[in-house]
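Below: one structure, written as structure tokens.
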Amino acid sequence: MERRIKIIWLLSLTSMLLIGAGQGYWLWSHYQYTNEAYGREVLRRVSEAVVSYNTLRWQEPRPLGEQKAVQWYNTNVNWDDRTDSLTGQESTRIYLVQRLGAEAQDTLVDFTPAQTGAAGVNVSRMLADSTVLCTDSVVLQGDKRQYERLNMMYLADLMRLELSHPFDLHPFDSIVAATLPDVTFSTRLTTTAADSLYQWEATLHSGGSLLRPLAQVVYPYNPLKRQLVEVDVRIPCHMLLLRMGGQLAGSLLMIALLAVCLLFQIKTILKQRRVDELRRSFVSTMIHELKRPVQTLKMCLAYLSDPSLRVDTKATDAVVDDSIVEVDNLSAYLQKLRDMTRADDERTPLSLRTFDFRPMAEKTLRQLHIPDHKLVTFETYFPSSLLVTADPMHLCNILSNLLENAVKYSGDSVHITVTGALDGHRFTLTVADNGIGIPPAEQARVFDKFYRSTSLPDRSVPGIGLGLSYVKLLVEAHAGTVDLQSQPGQGTTVTVTIPQ
Numbered sequence: 000m001e002r003r004i005k006i007i008w009l010l011s012l013t014s015m016l017l018i019g020a021g022q023g024y025w026l027w028s029h030y031q032y033t034n035e036a037y038g039r040e041v042l043r044r045v046s047e048a049v050v051s052y053n054t055l056r057w058q059e060p061r062p063l064g065e066q067k068a069v070q071w072y073n074t075n076v077n078w079d080d081r082t083d084s085l086t087g088q089e090s091t092r093i094y095l096v097q098r099l100g101a102e103a104q105d106t107l108v109d110f111t112p113a114q115t116g117a118a119g120v121n122v123s124r125m126l127a128d129s130t131v132l133c134t135d136s137v138v139l140q141g142d143k144r145q146y147e148r149l150n151m152m153y154l155a156d157l158m159r160l161e162l163s164h165p166f167d168l169h170p171f172d173s174i175v176a177a178t179l180p181d182v183t184f185s186t187r188l189t190t191t192a193a194d195s196l197y198q199w200e201a202t203l204h205s206g207g208s209l210l211r212p213l214a215q216v217v218y219p220y221n222p223l224k225r226q227l228v229e230v231d232v233r234i235p236c237h238m239l240l241l242r243m244g245g246q247l248a249g250s251l252l253m254i255a256l257l258a259v260c261l262l263f264q265i266k267t268i269l270k271q272r273r274v275d276e277l278r279r280s281f282v283s284t285m286i287h288e289l290k291r292p293v294q295t296l297k298m299c300l301a302y303l304s305d306p307s308l309r310v311d312t313k314a315t316d317a318v319v320d321d322s323i324v325e326v327d328n329l330s331a332y333l334q335k336l337r338d339m340t341r342a343d344d345e346r347t348p349l350s351l352r353t354f355d356f357r358p359m360a361e362k363t364l365r366q367l368h369i370p371d372h373k374l375v376t377f378e379t380y381f382p383s384s385l386l387v388t389a390d391p392m393h394l395c396n397i398l399s400n401l402l403e404n405a406v407k408y409s410g411d412s413v414h415i416t417v418t419g420a421l422d423g424h425r426f427t428l429t430v431a432d433n434g435i436g437i438p439p440a441e442q443a444r445v446f447d448k449f450y451r452s453t454s455l456p457d458r459s460v461p462g463i464g465l466g467l468s469y470v471k472l473l474v475e476a477h478a479g480t481v482d483l484q485s486q487p488g489q490g491t492t493v494t495v496t497i498p499q
């Protein structure tokens with residue numbers, strides 16, 4: 000049994016840990032997926048913010064007063080096609096010519112692949128200065144069919160836009176703040192190295208920590224000049240958890256249900272283990288308890304079966320009395336077992352009637368079996384007439400069990416006080432002794448079936464652990480209550496209250 004319980008516990012805990020680990024890994028993967036999805040949404044919103052900002056820049060009037068340093072510039076975009084006669088390599092050169100003396104300004108501005116169709120094109124840039132002309136040009140090399148869809152008019156418009164309204168972070172931040180109202184972000188303008196590849200499209204980079212994820216959007220607002228705007232968005236962890244709230248709640252609920260099932264399983268196993276211990280203890284105790292009266296009856300019958308021993312009438316009467324006492328004890332054990340077993344399935348039957356409790360209590364005291372080696376003294380407090388309404392047999396059994404416990408669980412001498420009284424519509428019976436007492440930790444369990452104290456000084460004291468549980472059963476059948484107060488070494492007081 001112990002080995003099976005250990006195996007069940009091990010398998011249950013292992014299964015719980017594996018399921019918890021699997022759920023944790025699934026939640027972590029889903030958390031990362033939600034973070035990536037939110038990052039893609041940030042990329043989309045930042046791109047929309049750039050488009051909105053460019054629209055505002057188009058709508059603003061051209062600040063001609065700010066271009067005093069420009070003497071003259073050509074707003075026409077020029078290009079020419081070339082083909083290498085040796086390699087067959089085709090190229091297109093796009094350029095803008097300015098007069099000498101003009102300040103060096105960005106003349107080629109950004110365009111997006113979706114608008115220009117320049118995706119997949121090799122781009123190189125060169126700057127030629129002379130004493131007369133300042134030429135800023137871009138050479139597109141490769142298959143001409145890949146870049147022949149370049150929208151030159153749109154490129155010219157972007158050039159005019161950048162010349163008149165350079166990219167400014169202040170209004171751009173306002174647009175991003177309106178687009179992403181629930182997050183904190185920071186922006187900055189950067190330029191890539193001259194020997195790096197051109198960046199045509201916006202890119203997304205993930206970073207940060209588990210609880211503070213970061214999404215970085217890099218948008219090439221002027222790709223030909225390698226000018227970029229970087230937007231760092233700090234993604235709140237609670238927003239990700241809210242987005243995966245259904246999955247998170249389901250996983251936590253399933254883990255909680257598994258934990259509850261495991262706890263119930265462990266509780267059931269412990270209960271079954273306790274029941275098994277009680278069963279073995281009960282069988283052992285019953286064998287011991289039934290063996291004593293049976294052995295006594297066997298000796299009495301052996302004595303009575305010998306004609307030569309029956310000559311002594313006084314001794315014969317004593318043997319017969321002992322036999323009757325042992326038969327009564329055996330009958331009492333069987334009656335307790337019957338009543339306790341029946342109590343699990345049905346209500347204890349009662350035969351209520353009104354009677355005088357005092358004569359019955361005095362008879363019970365006279366018939367109480369007292370061991371020869373013990374000195375027992377009684378003190379009773381009853382009114383002259385104590386009429387109660389109850390089941391006489393059960394009330395007698397209640398008093399008898401309380402007296403037996405007071406005698407058994409005491410030293411060589413014990414003083415027992417029995418008090419009975421009517422208090423309004425309640426009958427109160429109190430049995431107090433100065434025996435060994437009950438430890439406080441065990442007082443709540445003494446009313447359990449088959450429970451015996453582990454602190455008994457003499458483990459050979461007869462009993463099967465049904466005394467107080469039997470008393471409680473009979474008292475509750477009368478809709479009453481039973482109360483116990485005890486101090487180790489000072490004695491025990493049991494009070495039974497039955498409504499009238």
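Numbering (numbering that gives the first Met the number 0), first residue to last: 0 to 499. Positions of the beta carbon are idealized from the N, C-alpha and C atoms, including for glycine.
| Asked | Found |
| --- | --- |
| Use the C-beta contact count for A258: other C-beta atoms within 10 angstroms, 16 or more gives buried, fewer gives exposed. | exposed |
| Quick one: using the 10 Å Cβ neighbour count with 16 as the cut-off for buried, is A113 buried or exposed? | Residue confidence is low: A113 scores 38 on pLDDT, short of 50, so the model does not pin down where it sits. No coordinate-derived value is stated. |
| Where does I234 land, buried or exposed, given buried means 16+ other C-beta within 10 angstroms? | buried |
| For L349, does the three-state DSSP call read helix, strand or coil? | coil |
| Quick test of the definition: if touching needs 3 or more C-beta pairs under 8 Å, does the stretch 481-490 touch the stretch 433-452? | yes |
| Who are the near neighbours of S185 in its chain, counting only those whose CB is closer than 6 Å to its CB and skipping five residues on each side? | D231 |
| Report the option in T13, H372, V375 and C395 whose CA atom is closest to the CA atom of P358. | C395 |
| Using DSSP with H/G/I as helix, E/B as strand and the rest coil, what is H414? | strand |
| Judging by CA-CA distance, which residue of N34, P222 and T429 is the nearest neighbour of P212? | N34 |
| Secondary structure at V50, three-state DSSP: helix, strand or coil? | helix |
| Identify whether F184 lies in helix, strand or coil by the three-state DSSP scheme. | strand |
| On a CA-only basis, which of Q499, Y332, W25 and Y302 is nearest I254? Give me that one, please. | W25 |
| Cβ of V470 within 8 Å of Cβ of L428? | no |
| Judging by CA-CA distance, which residue of N400, D355 and T353 is the nearest neighbour of L364? | N400 |
| Please classify R309: is it buried, with 16 or more other beta-carbons within 10 angstroms of its beta-carbon, or exposed? | exposed |
| What residue range does the alpha helix (DSSP H) around N396 cover? | P391 to K407 |
| Out of V375, R444, A440 and V387, point me to the one whose CA is closest to Y408's CA. | V375 |
| Go ahead and label D305 buried or exposed: buried means 16 or more other beta carbons lie within 10 angstroms of its beta carbon, across all protein chains shown. | exposed |
| Consider the C-beta atom of N34 and the heavy atoms of the ligand FAD; say whether any pair is separated by less than 7 Å. | The model depicted lacks the ligand FAD and carries no ligand whatsoever. |
| Relative to the C-alpha of E403, which residue among A331, T189 and V387 is closest? | A331 |
| Can you give me the start and stop residues for the beta strand (DSSP E) that S205 sits inside? | T202 to G207 |
| Between which two residues does the alpha helix (DSSP H) holding E475 run? | G466 to A476 |
| Would you report the Cα separation of M15 and V445, rounded to the nearest angstrom? | 36 Å |
| Spatial neighbours of A405 within its chain, please: C-beta separation below 7 Å, excluding the five flanking residues on both sides. | V413, I415, V430, D432 and G434 |
| Drop a sphere of 10 angstroms on the beta-carbon of E325, count the other beta-carbons inside from all chains shown, and report buried for 16 or more, exposed for fewer. | buried |
| Taking S383 as the reference, which of E59, T491, P370 and L421 has the closest Cα? | L421 |
| State yes or no: is the C-beta of T418 within less than 8 Å of the C-beta of L386? | no |
| Would you decide whether K224 is buried or exposed? Buried here means 16 or more other CB atoms lie within 10 Å of its CB. | buried |
| Buried or exposed: which applies to Y218, given that a residue is buried once 16 or more other Cβ atoms fall within 10 Å of its Cβ? | buried |
| Where F381 and A360 are concerned, what is the direct C-alpha to C-alpha distance, given to the nearest angstrom? | 9 Å |
| Determine the DSSP secondary structure at A317, reduced to helix, strand or coil. | helix |
| How many Å lie between H204 and Q215 at the Cα? | 5 Å |
| Assuming contact is defined by CB atoms lying nearer than 8 Å, are H368 and D411 in contact in what I supplied? | no |
| Tell me whether V318 is buried or exposed, calling it buried when 16 or more other Cβ atoms sit within 10 Å of its Cβ. | buried |
| Among all the DSSP beta bridges, which residues are the ones paired with S485? | T491 |
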